[in-house]
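Comments concern the structure below.
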Amino acid sequence: MHHSLSDRVAQLGLNLPQPGQPIANYVNYVISQNQLFISGQIPLQDGKPAFIGRLGDSLDETQGAQAAELAALGLLAQLGHALDDDLSRLVRIVRLGVFVASSADFQRQGAVANGASNLLVNALGDKGRHARTAIGVASLPSGVAVEIDAIFELRP
């Protein structure tokens with residue numbers, strides 16, 4: 079039975095965007111044995127970087143969580159492309175990495191990362207539960223507030 083990722087996301091009232099394209103010399107994802115590694119995804123709105131700024135400076139925690147959710151939607155678009163939209167091939171998300179552009183005194187990276195984690199669990203159910211690292215960084219590509227990457231386990 080075919081379980082469609084795009085259908086699951088649509089049930090949440092969202093649409094998967096077109097998968098973003100690499101902006102340098104790398105690929106969007108690599109499948110190695112039963113693991114899928116998806117490159118860093120930034121929040122894109124209509125194909126353009128969104129949520130420009132740093133948490134604790136020009137953006138607040140709510141905006142950061144929205145940026146993380148939007149980046150996670152891009153991550154799901156890459157997942158859907160890698161799996162031909164077939165969720166039955168997915169075992170689980172193993173690990174989510176969340177990078178948050180932050181001022182020196184901003185300490186709520188975990189709360190920002192919840193924007194991504196919540197969307198992934200809502201879209202994928204138990205398959206979306208994951209180990210996670212959320213870290214603050216000085217800056218990210220295109221000046222965005224959040225970048226995420228992930229490792230997935232696939233059925234052999």
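First residue of the sequence shown? That's 79 in the working numbering, and the numbers climb one at a time after it.
For glycine and all other residues, C-beta sits at the position ideal for the given N, C-alpha and C.
- [ ] Inspect the beta-carbon positions of Ala-102 and Val-224 and report whether they are closer than 8 angstroms.
- [x] The beta carbons of Ala-102 and Val-224 sit no closer together than 8 angstroms.
Task: Stretch-stretch touch, CB-based, cutoff 8 angstroms, three pairs: the region 90-110 with the region 152-162 - done: The region 90-110 is in contact with the region 152-162.
Open item on the list: Check for me: the alpha helix (DSSP H) holding Gln-156 runs from which residue to which?
Closed with: It spans 139-160 - the alpha helix (DSSP H) in which Gln-156 sits, taken as one unbroken run.
Open item on the list: Using a 10 Å radius around the Cβ and a threshold of 16 neighbouring Cβ atoms, would you call Pro-121 buried or exposed?
Closed with: Result: buried.
TODO: State the Cα-Cα distance for the pair Val-190 and Arg-132, rounded to the nearest angstrom.
DONE: Taking the Cα positions, Val-190 is about 12 angstroms away from Arg-132.
Task: C-beta contact flag for Ile-226 and Gly-175 at 8 angstroms - done: A contact, by the Cβ cut-off of 8 angstroms.
Open item on the list: Using C-beta distances below 8 angstroms, list every residue in its chain close to Asn-112, excluding the 5 sequence neighbours before and after it, in chain order.
Closed with: Excluding sequence neighbours, Asn-112 sits near Val-169, Glu-231, Leu-232, Arg-233, Pro-234.
Open item on the list: Using the Cβ count rule (16 or more neighbours within 10 Å means buried), how would you classify Val-222?
Closed with: That one is buried.
TODO: Going by CA-CA distance only, name the one from Gln-99, Gly-134, Val-215, Pro-100 that's closest to Asp-183.
DONE: Nearest of Gln-99, Gly-134, Val-215, Pro-100 to Asp-183, Cα basis: Gly-134.
- [ ] Compute the distance between the beta-carbons of Glu-139 and Arg-186, then report whether it is under 8 angstroms.
- [x] Inclusion of Glu-139 and Arg-186 in the CB contact set at 8 angstroms is warranted, their separation being smaller than that value.
- [ ] Classify Arg-260 as buried or exposed, calling it buried when 16 or more other Cβ atoms lie within 10 Å of its own Cβ.
- [x] Outside the shown range of the chain (79 to 234) lies residue 260, about which nothing can therefore be said.
Task: Own chain, CB closer than 8 angstroms to Gly-188, minus 5 neighbours either side, in chain order - done: Once the five neighbours on either side are set aside, the close Cβ partners of Gly-188 are Ala-212.
Open item on the list: On the CB-based measure, 16 or more other CB atoms within 10 Å of its CB, does Asn-93 come out buried or exposed?
Closed with: The residue in question, Asn-93, is exposed, as its Cβ has fewer than 16 Cβ neighbours within 10 Å.
Open item on the list: With the cut-off set at 8 angstroms, would you say Phe-129 and Gln-144 are in Cβ contact?
Closed with: In contact: Phe-129 and Gln-144 (Cβ atoms closer than 8 angstroms).
Task: Own chain residues within Cβ distance below 6 angstroms of Lys-205, not counting five before or after - done: Answer for Lys-205: Leu-168, Arg-170, listed in chain order.
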